[in-house]
Amino acid sequence: MPCKVCKHPKRSEIEQQIAARSLTTVEAGKIVGCHNSTISPHMHSCVAPNVLERVQAEAKERQSLNVLDQLRQSRQVTLQILDRALSKGDYRLALKTLVVELKQLMFEAKLTGELNEAPQVNLVLSPEYVRFRQEMMRMLGPYPELREEVAQTLLEADAANDEVGNNGNGKKQ
Ligand SMILES: [Zn+2]
C-alpha cells in the first residue's frame, strides 16, 4: 500500500538524502507535505523490502552468470573430448560425452532463459536437437546399455522443456 511519500515525484531523491543523512525526517516531511512521523514507516515498510529484493536479485544474477561462464568452459572441454574420441574411433566414449554435452546444453538453455539473456530455446523442437536425436539413435545401435541411458536423458530433456513452459514459439507462456 503506497503512502504519501511513495507518491511524491521526488521520492527517490528524498530517500537517498535520508539514507545519506543529509536530510532529516522533519525536512523531508516538509518537502512531501506530511508529518515527519510518516517518513520512518515509509523508509522501513516501503523502501527497505524493495532494496533487499533488488540486492538479492542482483546477487542471484551474478551467481547465475558465474555458473554460465563455468558451464561454457566445461562444454569446451567436453567438445574436445568428443573430438578426440571420434577421431580415435572410441564411439563408447563419444556417446558418453554426447550425453554429458546434452545435459550441459539443457542446463545452459535453462540458465539463459532465466537470465533473459536470449529468447528461450525450445530444445525439443529445434532442428539441431532433432538431428542430434536421430544421429544418437543411429549410433546407439550396438550399445544397448548406453541407449537406455541416452533415452532416459532425452526424456528428462523433454520434461525440463515442458517445465519451463515452452509453447514452441520461443517465448515463455
Ligand atoms: Zn511509502
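One rule links them: number in this note's numbering = place in the sequence shown (from 1) + 163.
Idealized CB from N, CA, C, for every residue including glycine.
A Cβ-Cβ contact shorter than 7 Å links N199 with V189. Contact annotation: V168 and H205 have beta-carbon atoms nearer than 7 Å.
C209 carries a helical assignment under DSSP once its states are collapsed to helix, strand and coil. In the displayed model, Y306 falls within coil according to three-state DSSP, outside both helix and strand. Not one heavy atom of ligand 1 is found less than 6 Å from the C-beta of V195. For H205, the CB falls within less than 6 Å of some heavy atom of ligand 1. For R174, the enclosing alpha helix (DSSP H) covers residues 174 to 182.
A straight line joining the alpha-carbon of E308 with that of Q243 spans about 24 Å. With a cutoff of 7 Å on beta-carbon distance, I177 and G192 are scored as not near each other. CA-CA distance, K266 to P165, rounds to 45 Å. Between the stretch 225 to 241 and the stretch 260 to 274 there are three or more C-beta pairs closer than 8 Å, enough to call the two in contact. In the structure shown, V214 falls within a helical segment according to DSSP collapsed to helix, strand and coil. With a cutoff of 7 Å on beta-carbon distance, T241 and V262 are scored as not near each other. Inside the stretch 202 to 273, DSSP marks whole alpha helix (DSSP H) runs of 4 or more residues at positions 211 to 250, from first to last along the chain.
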